[in-house]
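Structure, as structure tokens:
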Amino acid sequence: MYKAYFGLSQNPFNLSPDPEFLYRSPQHEEALANLIYGVRSRKGFIVLTGEVGTGKTTMLECLRDYLDAQRIEFAFVFNSRLTPEQFFEMVAYDFDLQCDRKSKTAVLFALNELLVAQAERGRTSVLIVDEAHNLEWDVLEEIRLLGNLETRTGKLLQIILAGQPELDRKLDAPNLRQLKQRIVLRCNLNALSPEETTAYVESRLARAGMPNQKIFSPEMLEEIHKRSRGIPRLINLLCDNLLVTAFAMEQKVTTVEMLEEVCEDLRLEWPGSSIRRGRGRYAATDEAPGLSGQWSVARDQ
Numbered sequence: 037m038y039k040a041y042f043g044l045s046q047n048p049f050n051l052s053p054d055p056e057f058l059y060r061s062p063q064h065e066e067a068l069a070n071l072i073y074g075v076r077s078r079k080g081f082i083v084l085t086g087e088v089g090t091g092k093t094t095m096l097e098c099l100r101d102y103l104d105a106q107r108i109e110f111a112f113v114f115n116s117r118l119t120p121e122q123f124f125e126m127v128a129y130d131f132d133l134q135c136d137r138k139s140k141t142a143v144l145f146a147l148n149e150l151l152v153a154q155a156e157r158g159r160t161s162v163l164i165v166d167e168a169h170n171l172e173w174d175v176l177e178e179i180r181l182l183g184n185l186e187t188r189t190g191k192l193l194q195i196i197l198a199g200q201p202e203l204d205r206k207l208d209a210p211n212l213r214q215l216k217q218r219i220v221l222r223c224n225l226n227a228l229s230p231e232e233t234t235a236y237v238e239s240r241l242a243r244a245g246m247p248n249q250k251i252f253s254p255e256m257l258e259e260i261h262k263r264s265r266g267i268p269r270l271i272n273l274l275c276d277n278l279l280v281t282a283f284a285m286e287q288k289v290t291t292v293e294m295l296e297e298v299c300e301d302l303r304l305e306w307p308g309s310s311i312r313r314g315r316g317r318y319a320a321t322d323e324a325p326g327l328s329g330q331w332s333v334a335r336d337q
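To convert, take the position in the sequence shown, counting from 1, and add 36; that gives the numbering used here.
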């Protein structure tokens, strides 16, 4: 909608996890390096955690690009609300196992055959599970048992569990202590600092064709950071809506007034905020047309 108006070649604040727009902050660089290192070194279990919207799925997309480039076999389980039977069926489908995919036994035999064949060629295989905090206990136990597929020199299957901080708390449960002991690498993504928020916005605009952006002043970027709490997904949401608003108002620079409107429309809350909730059509102080004074049209506050 606004790309031509601002001279952009792409939408800089798309909510989709596009690796091309990855902002390589130190923590994101470290997380990606750990994921790649864990896979290459055949470490077994790796856990990636972070609050909602901090970029976990984007990290996984970057890892998938790396695995594709290295021709490493991998399966990606993106829906974690699964029974054990459904889990094995999805694994079989993503690894393209030629077996009865509804039979756990058949899937395990075919998977072991694939992993051994890959190991004989000096390659490894990877299982990625996103939204792993939603996994049921019995599915987590099945995943732990998959970690038993190994040779004397290393794990045949590298397993990456990505999820919200609830995943860490779930792994601390006594009944998962065996799985917890097998986790050799942990990565965590935190919210961006004010400086990182500025760099994040500017890097995405530069990637979209605006290397020297003037749309967001330093003061606006401070406000965006405060209201988004440094969460990349919320930063994208605010900036995208601000660009739409500026385009609609035929303005080239965003303002705090625009931000106030966007935050109210999104019902966004942040520390110290006082966003007004939706108002009823009628209040009890102003008389509505045709009524006997019991209801009234609400005035703007």
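Each residue gets a CB set at the ideal place from its N, CA and C atoms; glycine is no exception.
DSSP three-state label for residue i, please.
i    : result
S309 : coil
C223 : strand
T85  : strand
A155 : helix
G338 : No information on residue 338 is available, as it lies outside the stretch 37 to 337 that the chain covers here.
F283 : helix
F42  : helix
S239 : helix
S52  : coil
K191 : strand
L71  : helix
Looking only at C-alpha atoms, which of the options sits nearest to residue i?
i   : options                : result
R76 : E231, N248, S161, E259 : S161
Rounded to the nearest angstrom, what separates residue i and residue j at their Cα positions?
i    : j    : result
D136 : L147 : 12 Å
A227 : T141 : 43 Å
F42  : T281 : 12 Å
R317 : D276 : Reliability of the predicted coordinates at R317 is poor, the pLDDT of 34 falling under 50, and no value is obtained from them.
H169 : F110 : 20 Å
V298 : L274 : 7 Å
D336 : P62  : Residue placement at D336 cannot be trusted, given a pLDDT of 39 that sits under 50; the coordinates are not used to answer.
L182 : E97  : 23 Å
T94  : E56  : 10 Å
Just mark residue i as buried or exposed, buried being the case when its beta carbon has 16 or more other beta carbons within 10 Å.
i    : result
K92  : buried
A40  : exposed
E202 : exposed
Y59  : buried
N272 : buried
M256 : buried
Between the segment 210-217 and the segment 44-62, do three or more beta carbon pairs fall short of 8 Å?
-> no
At least 3 beta-carbon pairs within less than 8 Å: the segment 181-199 vs the segment 67-84 | yes
Inter-stretch contact at 8 Å, needing at least 3 Cβ pairs: the segment 103-118 / the segment 238-249 = no
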